[in-house]
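A.B. asks: Sequence order for the protein chains is U and B. Residues in the first sequence are numbered from 0 upward in steps of one, following numbering that gives the first Met the number 0. Residues in the second sequence are numbered from 0 upward in steps of one, following numbering that gives the first Met the number 0. By construction, the Cβ of each residue, glycine as well, lies at the ideal position given by its N, Cα and C atoms.
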Amino acid sequence: MKSKTSFIPQEGEAHPSRCPDNSAFKQQKLPAWKPQLTIATVLSSFFLIGAFCLSVGVCLILSTNSVREIQIDYSDKCSDCSKLRENSSNWNKECHCFVNFTLNEDILGDVFMYYGLQNFYQNHRRYVISRSDAQLLGRNVNIQKSYCAPFTTYQNGTPMAPCGAIANSMFNDTIHLFYNLNSSVIQVPLLKTGNSWWTDKNVKFRNPKSYNLSSAFAGTARPPYWQKPVYLLDEEDERNNGYVNDDFIIWMRVSAFATFRNLYRRVRRIRQFADGLPAGNYTFHISYSILSCYPRHSLTIR
Amino acid sequence: MSLFGLKFGKKKLKEEERQLQANNRDFNLQFEYANNSIKTSKYNFFTFLPLNLFEQFQRIANAYFLFLLILQLIPQISSLAWFTTVVPLVLVLAVSGVKDAIDDFNRHKSDKHVNNRPVQVLINGMLKDEKWMNIQVGDIIKLENNNFVTADLLLLSSSEPHSLTYIETAELDGETNLKVKQALTVTAELGEDLQKLTEFNGEVKCEAPNNKLDKFTGTLTLRGEKYALDNEKMLLRGCTIRNTEWCFGLVIYAGPDTKLMQNSGKTTFKRTSIDRLMNVLVLVIFAFLALMCLILAIGNGIWEYDKGYYFQVYLPWAEGVNSASYSGFLMFWSYVIILNTVVPISLYVSVEIIRLGNSFYIDWDRKMYYLLNNTPAQARTTTLNEELGQIKYIFSDKTGTLTQNIMCFNKCSINGKAYGDVYDMSGQRIEINENTEKVDFSYNHLADPKFAFYDHSLVEAVKLSDVPTHRFFRLLSLCHTVMPEEKKEGNLVYQAQSPDEGALVTAARNFGFVFRARTPETITVVEMGETKIYKLLAILDFNNVRKRMSVIVRSPEGDLTLYCKGADTILYELLHSSCDSLKEETTEHLNEFAGEGLRTLVVAYKNLDEGYFQDWIRRHHEASTALEGREDKLSELYEEIEKDLLLLGATAIEDKLQDGVPQTIETLAKANIKIWVLTGDKQETAMNIGYSCNLLNDDMEDVFIIEGSTSDDVLNELRNARKKMKPDSFLDSDEINIQFEKSSKPPKIIPDEQANGVYGLVITGHSLAYALEGNLELELVRTACMCKVVICCRVTPLQKAQVVELVKKYKKAVTLAIGDGANDVSMIKTAHIGVGISGQEGMQAVLSSDFSFAQFRYLQRLLLVHGRWSYIRMCKFLKYFFYKNFAFTLVHFWYGFFSGFSAQTVYDEWFITLYNLVYTSLPVLGMSLFDQDVDDRWSMLFPQLYVPGQQNLYFNKTVFVKCMLQGIYSSLILFFIPYGAMYNTIRSDGKAIADYQSFALMAQTCLLIVVSVQIGLDTSYWTVVNQFFIWGSLSVYFAITFTMYSDGMYLIFTASFPFVGTARNTLSQPNVWLAMFLSITLCVLPVVGFRFLKAQLKPTPTDKVLLKIKEAKKRPPPPSPKRRLRRTSTRRSGYAFSHQHGFGALIMSGRNMRPKSPFATTGTFSPNSDKYKHKGLY
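1) With 16 other CB atoms within 10 Å as the buried threshold, where does residue 42(B) fall?
2) Which runs of the beta strand (DSSP E) at least 3 residues long sit entirely within the region 68-135 of chain U? Give them in chain order.
3) Just checking, does the region 467-474 of chain B make contact with the region 375-385 of chain B on the three C-beta pairs under 8 Å criterion?
4) Ordered along the chain, which non-local residues of its own chain (more than five positions away) have a Cβ less than 8 Å from that of residue 423(B)?
5) Verify the contact flag: residue 245(U), CB atom, against every heavy atom of the ligand SAM, threshold strictly below 7 Å.
6) Between residue 1010(B) and residue 984(B), what straight-line distance do the alpha-carbon atoms span, to the nearest angstrom?
7) How about residue 258(B) and residue 16(B): do their beta carbons lie closer than 8 Å?
8) Tell me the DSSP secondary structure of residue 299(B) in three-state form.
9) On the DSSP bridge list, what partners appear for residue 675(B)?
10) Put residue 1209(B) into one of helix, strand or coil per three-state DSSP.
11) Does the beta carbon of residue 123(U) sit closer than 8 Å to a beta carbon anywhere in chain B?
12) Please list, in chain order, all residues of the same chain as residue 213(B) whose beta carbon is under 8 Å from its beta carbon, the five residues on each side excluded.
13) So the beta strand (DSSP E) residue 483(B) belongs to, where does it begin and stop?
14) Report the partner residues of residue 1179(B) according to the DSSP bridge assignment.
15) Within the continuous beta strand (DSSP E) that includes residue 47(B), where are the two ends?
16) Does the contact criterion of 3 or more C-beta pairs under 8 Å hold for the region 302-317 of chain B versus the region 354-368 of chain B?
17) Could you tell me whether the Cβ atoms of residue 815(B) and residue 836(B) are closer together than 8 Å?
18) Looking at the C-beta of residue 1087(B), does it have a partner C-beta in chain U at a distance below 8 Å?
19) Which chain U residues sit within Cβ distance under 7 Å of residue 998(B)?
20) Applying the 10 Å Cβ sphere with the 16-neighbour rule, what's the burial state of residue 1110(B)?
21) With 7 Å as the C-beta to C-beta threshold (strictly closer), list the residues of the region 745-760 of chain B near chain U in chain order.
22) Rounded to whole angstroms, what is the Cα-Cα separation between residue 512(B) and residue 524(B)?
23) Within 8 Å (strictly less), CB to CB, does residue 276(U) reach chain B?
24) For residue 385(B) and residue 869(B), which I take to be in contact (beta-carbon distance under 8 Å), what is that distance rounded to the nearest angstrom?
25) Can you tell me whether residue 179(B) is helix, strand or coil according to DSSP?
26) Would you report the Cα separation of residue 573(B) and residue 475(B), rounded to the nearest angstrom?
27) At least one CB of chain U closer than 8 Å to the CB of residue 1127(B): is that the case?
28) Suppose contacts are defined by Cβ-Cβ distances below 8 Å. Is residue 994(B) in contact with residue 253(U) by that definition?
29) Quick one: which residues of the region 1038-1050 of chain B get their C-beta closer than 8 Å to a C-beta of chain U? List them in chain order.
30) So, is the C-beta of residue 364(B) closer than 8 Å to a C-beta in chain U?
31) Do you know offhand how far residue 102(B)'s Cα is from residue 865(B)'s?
32) Taking 8 Å as the CB-CB limit, is residue 72(U) close to chain B?
33) Can you tell which of 462(B), 460(B), 463(B), 436(B) has its C-alpha closest to the C-alpha of residue 450(B)?
34) Quick one, which of 813(B), 152(B), 530(B) has its alpha-carbon nearest residue 273(B)'s?
35) Please classify residue 95(U) as buried or exposed, where buried requires at least 16 neighbouring CB atoms within 10 angstroms.
36) At a Cβ threshold of 8 Å, is residue 374(B) touching chain U?
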């Protein structure tokens, strides 16, 4: 008779025990917190969250109501200019238009001026990548390797500075704001710097190093749609010229959606405007640019 | 193996007939028969890489990722960098490649071990040691005692008289009794004469290799004469030679052609049902993806036509794109790349890791470690864990799995007095355990030290020379067909045809009636120290009709006695009327024994009249030489003399169950698992075990026995059984019948049917063969699956596999097969999950199993604890994983409508790369490695918690759709809340914040927090590791984000990290955080509310059990259940006997007697001289 289970190993070193360790981890006995959905926890969390949302909501509504905002769509008001541009031979003719509006109340505090575009697909995948960050850092790089095409070089091989579709399509209407006070026209002083993120201004964008800006950009050409080269973006302020120009930086931070607003100018709080914009009649003076042909655009003051 | 066989099958035409000549390799080589090497490995050094890669890319997922990679390399459509796919893909391929390599290396090792076993081969007249693999068909080899049989051999000659050879076939069919094979007389003459053997040039013609273990036909042509060959002359590979010093055999089938290998079934790659479901789901997701991409592509076409056309001033179309529709076409593929993150490759990696981790828990479990043979449980396949939580059918072997295969003489009733139980002072019965005092047999130096008995009163009775007791044991020592073997003085080994008989003779031996030796005419018994030689006059052998056996002996004193033992039902009819009162008492004891699941025999005797006996023996001689109707005449004579017997008592043998088997079976039954016992053993034994381990019991309405021997009989029996269980299943209105009617071809899945009570079914292998054929298959499945318990007896290894296959085919259920021997291999391989009982002699079952452990009772822990946890963890993992990736990916879809369908991603490219790999992988892994809804104790106490797994409730298509909907909902929130919060928004300092990078950061932060909160909700068991993983992942996200968006990183890797400053500028804004809070609230609160309300208003049965547990937890934990299963069965046993004809004829013919045993008196026919020799010993 054969007994199948009578096999018992010899005791001792020859057969080290194969018994598993008795650790909490291996025996799945780790101490643990076992939360459960009880009536008390569920209801109290519901009420707490509800109360929080309600109070935040009330605060938000109150603070939003105190914001004064004026938005003016000037695509139609400058329709003459856009008609002019439709004939491409007129692309470099200057065109101006005027937009009047009235403030019924003072806008107190800091006043910001935004330009807004509608249906301008800054978030298109090929648009978003059409830039060379290394070039914008002032490095001497071969932009052929970037995604700038077709805005990389001219046919004669001169590279564009800055390259890419984003830079090329930069918003370059020039807008001035005038305050009509008792038939005298006062230009509202506007700040064109300090509008962008600190990191963008100081880290992400740098001009190429050279003794002056125009030599730094020697050997490059402006993007096709620009009227002047990059080193002439702001001739008055060295620190706002070239790649570090605030308007350029803001444009280069592409928007998440096709309808967006970018900060254009801030009102400098001096003289009459120390407290903000007083009520009254104002005029925008817009020098219309090539960009404006297709999307609708607006100006916002708040 | 199958691979090997296949290769050979292809190479040559299908073998019709095998032809070979002994000692003629040249002749045999022309047929290109396989040699004796076996190959289970798949690769070699050079083929590994191409073959393995080829196999890996056959998996849909891998091929898909390769396709994606190729897409990403095309610049026009590459919307994501190539490294997002290549890194994980290489990782996955490498890991599975290494695993396959290790597995195959182990297979090479085991093949090598088997192939290099030595065996003696006759070559050029010399015996040479050769390796197994070099054996060819037609070789003559020599095997010695206890050797494994090398190949399928034709037995030529052996050391034993009449060239008998004893073999053990446990590895082959699970039967542990010895079997006898006998060579042809013409070859037996060869003996061990090497000269003659070398000259032997017989030609064998036989059937082609097949898997029928019990059938062989062929002819041997020797010197122009033909001899028929049958299975009785074959030694099959897998058997072991026993009790035979040497034997010679001619190799007929070798290596892969042997019946063992042909029986081993196909090695199939096992996949879990979740795997299969996942494949389906992945396809569904692909379809869904394709639909989304199509929508977006069409959107892009329209957009390019309508708006993009004008926008070309600022953004000319890409090179080569000349129309809106072509742009749309490209965009389709770009979106395929972006949206593929719904099924990221990390899904597959994580699933493997989870299974691996849960497998380790099985290896580590101390509660599945068996101290006695130092065997821990082992998860040999690490890819099937969650399937353990879904088992619906268990197919179990009997011998060695349910039972220990140890027969114990446990109790007896002698002359109306029962022995075997132990009572304490107060008369209470004591539970017998290891500490109970054993009876001291030291008065008998021939006693077997392994024999244990606890009732001292029986020894007292023997010592007091109580006449019935002595007669009882004398009977046990005389009435049997056991062969003794005494290699060393006093060291007796009994070779019994059935272990029961061995147990009875061993019991008699220990009580002082030592059966020592036998010759064809005598039996030597040492009775209480005194050697007595009985003359054996006749053996009235056992057969299945008689169910009894008798011997007629003449004692040294000259008395003629007939001793008889047999099944109670039969023997009671033959008793003398004077024992009626004793009969009643004994019946009571028999009921008691049977109630405990013991196998009983009744023993009786009768003193014979000299004159009558002489007449009878003359007629017996005439009958046994009669040419016609010998059998009938003999049985008539037997019946004539076996009557008016005097009852002596009854024996009760325990077929020792493994520890805890009845409890395990009870628990598993509560978990709604159906248990089928498939055994090679005979019907009575199988049923008896069924009763003793509580599979069958008297509470059952009925136990059907299917034993028809024609197809029609079997059909009728099955139909009758079904009619009784569910009469309306024959009506036309029955659902399944309607289903049959409707479709012309047989249905694929048969739904479960409810019987009107608890039934059992017993089917014999013979009937099973019919039932597994053609149209009876369906009948069998319908009937058998309605029964709670099914027992199949006398089944072959292949039938075991067929039964499993049958259930797999027609039932949508997960099957598990458990066994310990080579005969279980095919069923272990066939079932969804194969479990091997380890720590025993044969290793084949373990080697082909998926899980192995030492004791059957560990099965309940494996299923109810490990299986259940693994299943729940895997389901939770999949639910969460699909959710999180839907929420993650679909945001891109919504964004498509706002970004000109340009395949612009919402998130930073790095976030997309790291999301699945770093940010969200660990918390969900932590959950799926540590989560427990209830701990192990409760899952064992409430087996009904197992049921949802069987019904596949936690992860199925509905659940998947729910996950998907939740994911879509979350993605809507996660897109539109940031959208609303960002649209035309400015910071409090007037600067812009609605830029793309801020939006991306906000959306991805929202998403990450939402999915982290969600995993927190799903985790019900927060260990330190979970806390660490969840909080750690969130902090790592912020740390990595701030690092990647830092000035330094930008200045060094300008092109890679364009998001410089975004984190600082955006995350410092309160409105961003408020928006995040809003989206988190909107994503999570509905889920919490829904779950809470569902558990309150519409609790599932599981919820109710969990509630019960929660309440029970408040009370002190109950003591672990230690109730003894009290059996109330009054059923009378399967009698303890072998299923074959006994050895009786063999013994009486003296053919198996050995003339040269040194101590025994056998073979020399001068009993008197021996008697004196032996007396001198004491």
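C.D. replies: Answer, in terms of the structure:
1) buried
2) 69-72, 95-102, 111-117
3) no
4) 429
5) Among the ligands in the structure shown, none appear at all, so the ligand SAM cannot be discussed.
6) 26 Å
7) no
8) helix
9) 394(B), 789(B)
10) Residue 1209(B) cannot be examined here, being either before or after the span of chain B that is shown, 0 to 1177.
11) yes
12) 230, 795
13) 482-487
14) Outside the modelled stretch of chain B, which goes from 0 to 1177, sits residue 1179(B), for which no answer is possible.
15) Per DSSP, residue 47(B) belongs to no beta strand (DSSP E); it is in the alpha helix (DSSP H), 47-55.
16) no
17) no
18) yes
19) 255
20) exposed
21) none
22) 6 Å
23) no
24) 5 Å
25) strand
26) 19 Å
27) Bear in mind that the predicted position of residue 1127(B) carries a pLDDT of just 46, short of 50, making it too unreliable to give a figure here.
28) yes
29) 1046, 1049, 1050
30) yes
31) 24 Å
32) no
33) 436(B)
34) 813(B)
35) exposed
36) yes
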